[in-house]
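Novice: Sharing a structure below in structure tokens format, with a few things to ask.
Protein chains in written order, with our numbering: chain A, 1 to 544; chain B, 1 to 544.
This is the structure:
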């Protein structure tokens, strides 16, 4: 029998959930936790799932669904519905730990093909039943939540194939429900070997459709581009018909329809195919370099100069701030080692020093030329080269830090992330203000890094950890999170750089996009989904 | 007094309009023209402009306009109205030569600032008067034509300033009515020296606002990106309010509003400001290389391999097909010179051989690395390196070939261009089919080149010259042009890569974008401009 824990647990069930001695030491130091705080499991969510709300769909409606998609592909069991009620935000996990699932979908449907989806939308439109697309289960924005119940349309079971690879056009046509690893494997193994180049931290548990719906970024997107740069065309089923955009390399034919549909988070239609750019896979040429800077400012300056240097872009490109750098040293057990003492002697002291990672991919000569220029720029800003080692280490655990959250939350620690994009000019003040806000909360960790850089600015990714107010978990978390987002917006950051908006961040949209901008989005919504059946209940702030 | 010729004449009035001996020889050879055909001027448009349709705006309406924008900035004289009736398409020129201006704007208004525009739109909405924005006068799509008359809103007189350059963010905020040379000069001279990197062939007589409205591409856009890659944010006055998008380096906040407004060709609103990316200007590092290929296929293969090679992109990147190469040799008087005979001896025969030009810009090491790889790729495909000379020659006349059209049309030759974007896979068949169609017309020249390349395909730019059927000029031209566009669309090309759609290409939109896509564009139109006053009469196929 499935427990609440089974639903919120991140990733591979075989992965262990233990906090190692370095982390425990760190938590004691940073958050003043005692031995008991750390050993006592809190809200483990180990009860079996049981929903109060039963499926409210009529027998005839369910029969119609079954007629469309087949009996095996329509599920109304509690565990299935519960597994599709939330994504993986801190709010989601807290609710699951508390056994709160107020608005599960009434049914989960696994469409076999586009035709099933067309029919399901027709049926649901007639019956005013909500339809919310569901991919890899990793939304952290309330994106897949179903406040009006209805159908959760899970695309991962059947619609998960690479349809065509076109080596001449360097493109591939793919179904939306494919997971990152399967997509990457298929492309790697095709013909001369290709890559999609899209590696979000949720890579193992997210899908192409989800990436497109939420305007995702991968860890190497400074080089490959965000998903909106990778998509060439889309196919989308909407209540007003099927949209098939054309995979022209470019065009001047009015507004860019792809860029209207990308980021629409299931509110405009269900993505059934995407034609994406693929690139020759050349892992043998990838070079990894890393540096230590004396302070965040020097690291930032280097990043900006690299991005504006007109010598090409790196692929992975990360700068961790002093607190994140300090913690990462400690977690690796490097604090006060001989190497660490040597670094300190050289002036790379903690707190202050910042770790900077880069990879460059592509043709060998190109890679070498960019690496040389990054090194030159870093040297100018008083850095110490650390070689490929730290990057290699980062690669090894790049998807696994997500596994840390569950054991942290098990001992009553809010563990969450928020991210934004901001111009170079506004970045330092935003970083400072958000840190100040988070650190005002007693016993809190605030780590920040930049993981995506542009000529005109960068993203900032904040990870915060802090003991939750027991008994008032959700209010405590929501209030804290609201304060952080308010601070980001006040300091001229975007609400999101790559997580998307979902229902949780929607309240900030109207203010930031302003009425005529929101009006544009709403007029498209009204046209494509006049019955408001697609991911309703507040997504993107389009409707209540 | 202004003549029709003054209106249609391209560019600098001081520029001479003579066909040199090379061209005359070529026309005789290709088009079977006799001495008389070439000496006889035909439809020179030298009559003074006189409009049959007088301004239909009421005195009180005109007074209101004057109250808003000032007396000097409201014009109803025939010559002003006639100068804003058309762009510079072949169709426009033919009509002006024939003295046909059926639907001039009723008045030309030169707004001084955004506030003027807000008030003008309010007034026009109340009075159901059409408003069509006007920039550099170089539209070739019927984009600025005013089938319903109304106001031509000329942004070039006052709203033509660089408002702010932000060196930290590598961006600049600029008004829409600025011409290419002024914009580039201001950026070149600011601080450390910057460039916009956008050089359409109409550079001297086109504006930033026009580039954005029509999704323009510059000659170096393979490196700098098209205008939609350069714009960071926009400010637009619409009948439903002012839209100010945010200049975040990127965001995941629903549909990309910039990409809805870019390409809207004056139908959604009037652009009043744009924040664009700027790049460090490093002309001293630019390298120019050129090659000759034995056939078009080898050139195409090289282009594709360069774009997919993962070693960075060139900036200017051009491949001329056999006929365009042949003609360009002849126009330069190089045919049968010693050098030419040597080339032929080496196997680079005409017709067949194709000229290939590239420039690479940026940091020195980056430039060298890309140049090396382009050379390597070209060598693999049996090319002959011709050095920087041909590129330098091309640079010298890169804006001046537009001046050739008027004297050609003066001797009764239709001279026009059409362009498309197409995937690598579909490019050869499209090229072949369009050439076949054009060459079916007796006595016609069809030159083609690629001037913008992508990983997934390229544009194709066709220039055709052919004697017009005298007495049936417009029908003859329209029928011929329609056949070419039909052939492009049938062969899976876009209707435009960078000229835009305007009113002339709108009839093909519905079929290509299909109903739900057009419905999206129309729903945005309906929301932003419910009274249908903005560039009405068919632009983009949004409305009749």
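All C-beta atoms, glycine included, are put in the ideal place defined by N, C-alpha and C.
Does the contact criterion of 3 or more C-beta pairs under 8 Å hold for the stretch 218-226 of chain A versus the stretch 181-197 of chain B?
Specialist: The answer is no - the stretch 181-197 of chain B does not touch the stretch 218-226 of chain A, with fewer than three Cβ pairs under 8 Å.
Novice: By the DSSP assignment, the alpha helix (DSSP H) with residue 329 of chain B in it spans what residues?
Specialist: Segment 322-331, the alpha helix (DSSP H) holding residue 329 of chain B.
Novice: Along the alpha helix (DSSP H) that carries residue 430 of chain A, what are the first and last residues, could you check?
Specialist: It spans 427-440 - the alpha helix (DSSP H) in which residue 430 of chain A sits, taken as one unbroken run.
Novice: Mind pulling the alpha helix (DSSP H) runs of 4 or more residues that sit fully within the stretch 90-176 of chain A?
Specialist: Correct list: 90-97, 114-127.
Novice: What are the residues in the stretch 509-532 of chain A lying within 8 Å of chain B by C-beta distance?
Specialist: Within the stretch 509-532 of chain A, the qualifying residues are 509, 512, 513, 514, 515, 516, 517, 519, 520, 521, 522, 523, 524, 526, 527, 528.
Novice: Should residue 302 of chain A and residue 381 of chain A be called a contact, given that it needs their Cβ atoms to be closer than 8 Å?
Specialist: Yes, Cβ-Cβ distance for residue 302 of chain A and residue 381 of chain A is below 8 Å.
Novice: Spatial neighbours of residue 87 of chain B within its chain, please: C-beta separation below 8 Å, excluding the five flanking residues on both sides.
Specialist: Excluding residues within five positions, the ones whose Cβ falls inside 8 Å are 137, 138, 139, 140, 141, 142, 143, 144, 145, 502.
Novice: Name the residue from A:465, A:423, A:428, A:476 whose alpha carbon lies nearest to the alpha carbon of residue 453 of chain A.
Specialist: Comparing Cα positions, the closest option is A:423.
Novice: Residues of the stretch 428-442 of chain A with a CB closer than 7 Å to any CB of chain E: list them in chain order, please.
Specialist: Looking for chain E here will not work: the only protein chains present are A and B.
Novice: What are the residues in the stretch 291-313 of chain B lying within 7 Å of chain A by C-beta distance?
Specialist: Those would be 308, 309, 310, 311, 312, in chain order.
Novice: Grab the span of the beta strand (DSSP E) containing residue 244 of chain A for me, first residue to last.
Specialist: Element bounds for residue 244 of chain A: 241-244.
Novice: With a 10 Å radius around its C-beta and 16 neighbouring C-beta atoms as the bar for buried, classify residue 401 of chain B as buried or exposed.
Specialist: Its Cβ having fewer than 16 others within 10 Å, residue 401 of chain B is exposed.
Novice: Using a cut-off of 7 Å between C-beta atoms, extract the partners of residue 195 of chain A located in chain B.
Specialist: Under the 7 Å cutoff, chain B gives no residues; its nearest Cβ is about 10 Å from residue 195 of chain A.
Novice: Could you list which residues in chain A have their beta carbon closer than 8 Å to that of residue 188 of chain B, in chain order?
Specialist: Per Cβ cutoff of 8 Å: no residues; residue 188 of chain B is ~15 Å from chain A at best.
Novice: List in chain order: all unbroken beta strand (DSSP E) runs of 3+ residues lying wholly within the stretch 337-387 of chain B.
Specialist: If we require 3 residues or more, the beta strand (DSSP E) runs fully inside the stretch 337-387 of chain B come out as 354-360, 383-385.
Novice: Where does the unbroken beta strand (DSSP E) through residue 459 of chain B begin, and where does it stop?
Specialist: Per DSSP, residue 459 of chain B belongs to the beta strand (DSSP E) from 457-467.
Novice: For residue 383 of chain A, collect the residues of the same chain with a Cβ closer than 6 Å to its Cβ; drop the 5 residues on either side in sequence, then sort them by chain order.
Specialist: Once the five neighbours on either side are set aside, the close Cβ partners of residue 383 of chain A are 291, 293.
Novice: Inspect the beta-carbon positions of residue 510 of chain B and residue 518 of chain B and report whether they are closer than 8 Å.
Specialist: Yes, the pair counts as a contact, with Cβ atoms nearer than the cut-off.
Novice: Per DSSP, residue 409 of chain A forms a beta bridge with which residues?
Specialist: None; residue 409 of chain A has no bridge partner.
Novice: Pick helix, strand or coil for residue 237 of chain B, following the three-state DSSP scheme.
Specialist: Here residue 237 of chain B sits in strand by DSSP.
Novice: Evaluate the contact criterion for the stretch 148-156 of chain B versus the stretch 15-31 of chain B: three or more CB pairs, one atom per stretch, below 8 Å.
Specialist: With the cut-off at 8 Å, the stretch 148-156 of chain B and the stretch 15-31 of chain B do not touch.
Novice: Can a CB atom of chain B be found closer than 8 Å to the CB of residue 139 of chain A?
Specialist: No, no contact with chain B.
Novice: Is it the case that the Cβ atoms of residue 51 of chain A and residue 101 of chain A are separated by a distance below 8 Å?
Specialist: Yes, they are a contact pair.
Novice: Can you pull the chain B neighbours of residue 226 of chain A, defined as C-beta to C-beta under 9 Å?
Specialist: Those are 250, 252, listed as they occur along chain B.
Novice: How far does the alpha helix (DSSP H) with residue 61 of chain A in it extend, from its first residue to its last?
Specialist: Counting along the chain, the alpha helix (DSSP H) containing residue 61 of chain A begins and ends at 59-69.
Novice: DSSP three-state call for residue 1 of chain A: helix, strand or coil?
Specialist: Coil, per DSSP.
Novice: Classify residue 15 of chain A: buried if its beta carbon has 16 or more other beta carbons within 10 angstroms, exposed otherwise.
Specialist: Looking at its Cβ environment, which holds fewer than 16 other Cβ atoms inside 10 Å, residue 15 of chain A is exposed.
Novice: How would you call residue 284 of chain A, buried or exposed, if buried means at least 16 neighbouring beta carbons within 10 angstroms?
Specialist: The residue is exposed, with fewer than 16 neighbouring Cβ atoms inside 10 Å.
Novice: Using a Cβ-Cβ cut-off of 7 Å (strictly less than) and excluding sequence neighbours within five positions of residue 108 of chain A, which residues of its own chain qualify?
Specialist: Once the five neighbours on either side are set aside, the close Cβ partners of residue 108 of chain A are 75, 80, 81, 84, 152, 154.
Novice: Quick check on residue 397 of chain B: buried or exposed, where buried means 16 or more other Cβ atoms within 10 Å of its Cβ?
Specialist: The residue in question, residue 397 of chain B, is exposed, as its Cβ has fewer than 16 Cβ neighbours within 10 Å.
Novice: In the DSSP assignment, find the alpha helix (DSSP H) that holds residue 522 of chain B and state where it starts and stops.
Specialist: Its alpha helix (DSSP H) spans residues 509-528.
Novice: If we define contact as Cβ-Cβ less than 8 Å, is residue 422 of chain B a contact residue for chain A?
Specialist: Yes, contact with chain A.
Novice: My guess is that residue 204 of chain B and residue 399 of chain B are in contact by the Cβ rule of under 8 Å, so how many angstroms apart are they, rounded?
Specialist: With 8 Å as the limit, residue 204 of chain B and residue 399 of chain B qualify as a contact, their Cβ atoms being about 6 Å apart.
Novice: At the 8 Å Cβ level, is residue 256 of chain A part of the contact set with chain B, yes or no?
Specialist: Yes, contact with chain B.
Novice: What is the DSSP secondary structure of residue 396 of chain A, reduced to helix, strand or coil?
Specialist: Helix, per DSSP.
Novice: Could you tell me the boundaries of the alpha helix (DSSP H) in which residue 251 of chain B lies?
Specialist: Residue 251 of chain B -> no alpha helix (DSSP H), and no H or E assigned at all.
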